[in-house]
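Here the structure comes first, spelled out in structure tokens, and everything after it is commentary.
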């Protein structure tokens, strides 16, 4: 019996070093009352990177910091801010990395330019060959 | 065979090699703040425990440059950097702490155990200031000059060999 009690105590999950002990920020897990505002907030949060768990959006992550970021996003949208302004506010703090939304900037423009250039090149080659074949009388 | 036919193969090998090489490289997960050389945002935080006053932007204005140390009692690397903060304090540096998502009793316990290098500690219960200054985690340490501008960010715990660099930066931004 004593062993059983000891065993049951041992099975208790007592986190020796919990990440933190405070309750989450008010709007970390609570949706906004207005569905339209909540929809705006969710759409934005799905495109913001969680900085502690970098392959997740803050909408998907349970990291405390992601919760605190959701609180910022929801309370700012509740205060009437435009979602894109909130995005800019975060980019001003963490750089482009915090946003998943592709932006054309001085570093990312080749990502947009290269496909267009390749398509143009392919069309050029294609028309060149078709034109030649036509001239050769479809030999 | 025309060499042009080998171009796709060469490209494939190049990208396969690149992927293999990148797999062996350590991934840098740190996100640097974009707030360097910008003004410290306005804030006013309650005391994190009853032993020291809270912190506000005002506390950084005037006088020598100061360190703003973002930390938490639940953060293990914060224990590792405690002796280095003590050294900085002994060298006359004023360190103002921001305790992230922390309870007063935990803060008091941590300071009793690992020393108290702070003159003030503000309680940031919802990481608001942390996000405001672009800190992505704990611990992080910012150098704030006497005009309240953020001049430098140190990400992660301060190691022994970081101390001279921080002292130099504090000197440079005076």
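Protein chains in written order, with this note's numbering: chain A, 1 to 139; chain B, 140 to 313. Built from N, CA and C at the ideal position, the CB exists for glycine as well.
Would you tell me roughly how many angstroms separate the C-alpha atoms of residue 124 of chain A and residue 48 of chain A, rounded to the nearest one?
39 Å
Helix or strand or just coil, what does DSSP make of residue 279 of chain B?
strand
Name the chain B residues that come within less than 7 Å of residue 68 of chain A, Cβ to Cβ?
265, 266 and 270
Are three or more beta carbon pairs between the stretch 254–267 of chain B and the stretch 178–198 of chain B nearer than 8 Å?
yes
Reference residue 24 of chain A, options A/64, A/37 and A/94, closest by Cα
A/64
Using the three-state DSSP reduction, which class does residue 100 of chain A fall into: helix, strand or coil?
coil
Which residues in chain B sit within 7 Å of residue 29 of chain A, going by Cβ to Cβ distance?
By Cβ distance, chain B contributes nothing, its closest Cβ being about 13 Å from residue 29 of chain A, past 7 Å.
Can you check DSSP and say which residues form a bridge with residue 292 of chain B?
B/281
Counting only the same chain and skipping the five closest in sequence on each side, list residues whose C-beta sits under 7 Å from that of residue 40 of chain A.
77 and 83
With 16 other CB atoms within 10 Å as the buried threshold, where does residue 92 of chain A fall?
exposed
Closest to residue 247 of chain B by C-alpha separation, out of B/189, B/275 and B/153, would be which residue?
B/189
Once DSSP output is grouped into helix, strand and coil, what is the label at residue 166 of chain B?
coil
With three or more C-beta pairs closer than 8 Å as the rule, is the stretch 192–205 of chain B touching the stretch 217–226 of chain B?
no
Under 8 Å between C-beta atoms, does residue 167 of chain B make it to chain A?
no
Is the Cβ-Cβ distance between residue 252 of chain B and residue 211 of chain B less than 8 Å?
no
If I measure Cβ to Cβ from residue 216 of chain B and keep anything under 8 Å in the same chain, skipping five residues before and after, which residues do I get?
277, 278, 295 and 296
Quick one: give me the first and last residue of the alpha helix (DSSP H) that residue 74 of chain A is part of.
64–78
Short check: CB of residue 66 of chain A to CB of residue 87 of chain A, under 8 Å?
no
Along the chain, where does the alpha helix (DSSP H) containing residue 221 of chain B start, and where does it finish?
215–229
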